[in-house]
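Residue numbers (UniProt numbering): 1 to 318.
The structure under discussion appears below in the form of structure tokens.
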Amino acid sequence: MPIKTKRMSNPKTFISYAWESDEAKEWVKNLATELRNDGIDARLDQWEVVPGDQMPHFMEKSVRENDFVLIICTPKYKSKSENRIGGVGYEGDIMTAEVLETSNHRKFIPILKSGTKETSIPSWLLGKYYVDLSNQTHFDNNYSDLTTTLLNARERAPELGTVTTKTNATVSSEKVIKTVPKDEPVKIKGIVIDEISQPRNDGTAGSALYKIPFELNRTPSSEWRELFVNAWNRPPRFTSMHRPGIASAYGNQVILDGTTIEEVEKHHKDTLKLAVEVANKQISEINLRKQQQAERERIERERHQKNIDDISKRINFD
């Protein structure tokens, strides 16, 4: 039978949204109320901010100190986030910085309130599993998916059984694949020509654009792939023809979906290389921090054990 994970008790959950209309504010408040009724400690600016409060401090504290952040995605939210307008833009900067510092990608959950994922979800969140609450039917079907995630009550796969049979397998030397060390920097090897898609060319906006995949020298981690997409969407420098939101990464490929080979040659090649360099640098920094933290924890464990051993030797009950 499936195994239940241990529930989280009253997880603190901040809701980030755009003040675009009274209806939107009321919708968010109703969602927060329902979450609280289900044992989730939903936090909302409408309930916590009073005149005189420092809004930047409140936003930063809310993003960093809560267990989860629900991002209510609408076309207005996407526009404000990507153009870094107002509180939504400021919160977006805090959230992307938090992901880089802690690598806690699951903390930030996109909630689709209106529009589509293409028109409403900010480019730096594309590729993340989102919860669609955009109409009553979706709300009824998907709300439990949200609450079980927040409460850590999702089902896990059953434990593996004991292997009782043995198999013999040989691998031909011709089929042995040369692996690249995991710590080697990711590089773009070239364009996967056979997998370039065809443009629709039906006269509609964007119909002349198509998908172009690029092969990497190795398969990077999911963490690196997310860093790459973030770097593409918000590169430190770019041309006037830059297209945020079209990059993704799967397996040993990065993909630009919504461009042309001419644009790649003239405009996107350098930005692609830059995004890879940024992702490599950031993943190296993250891994270094993890190694340093692990070393500090090891030293602290050894110090603690030595302290116990030394004091235990001095304690005599005779």
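Every residue, glycine too, gets a C-beta built ideally from N, C-alpha and C.
Is it right to say Asn201 is buried, meaning 16 or more other beta carbons lie within 10 angstroms of its own, or is it exposed?
exposed
DSSP puts Ile261 in a beta bridge; with which residues?
In the DSSP output, where bridge partners are listed per residue, Ile261 has none listed.
So, are the CB atoms of Ile111 and Ile72 less than 8 Å apart?
yes
Could you check the C-alpha separation between Tyr17 and Ile311 for me, to the nearest Å?
55 Å
State the Cα-Cα distance for the pair Thr271 and Asp38, rounded to the nearest angstrom.
45 Å
Cut-off 8 Å between Cβ atoms - residues of its own chain near Asn142, not counting five sequence neighbours on either side
Closer than 8 Å at Cβ, skipping near neighbours: Val131, Asp132 and Leu133.
Pairwise C-alpha distance: Leu146 and Glu65:
Straight through space, the alpha carbons of Leu146 and Glu65 are spaced by roughly 20 Å.
With a CB to CB cut of under 7 Å and the five nearest residues on each side skipped, what residues in its chain are close to Lys266?
The answer is none, since no qualifying residue turns up.
Taking 7 Å as the cut-off, is the beta-carbon of Tyr210 closer than that to any non-hydrogen atom of the ligand MN?
Absent from the structure shown: the ligand MN. Ligands present: none.
Alpha carbon to alpha carbon, how far is Leu126 from Thr119? Give it in angstroms, no decimals.
11 Å
Neighbourhood of Glu174 by C-beta distance below 7 Å, restricted to the same chain and skipping five residues each side
In this prediction, Glu174 scores a pLDDT of 45, lower than 50, which makes its location untrustworthy; the coordinate-derived value is nonetheless stated afterwards. Nothing listed; no residue qualifies.
If the criterion is Cβ atoms closer than 8 Å, does the pair Met59 and Ile94 meet it?
Contact flag set, yes.
Let me confirm a value: Phe317 is counted as buried when at least 16 other C-beta atoms fall within 10 Å, else exposed. Which label applies?
Phe317 should be labelled exposed.
Taking only the alpha-carbon atoms, compute the straight-line gap between Asp11 and Glu48 and give it to the nearest angstrom.
Reading off the sequence, residue 11 comes out as Pro, not Asp. Taking the straight line joining both Cα atoms gives about 17 Å.
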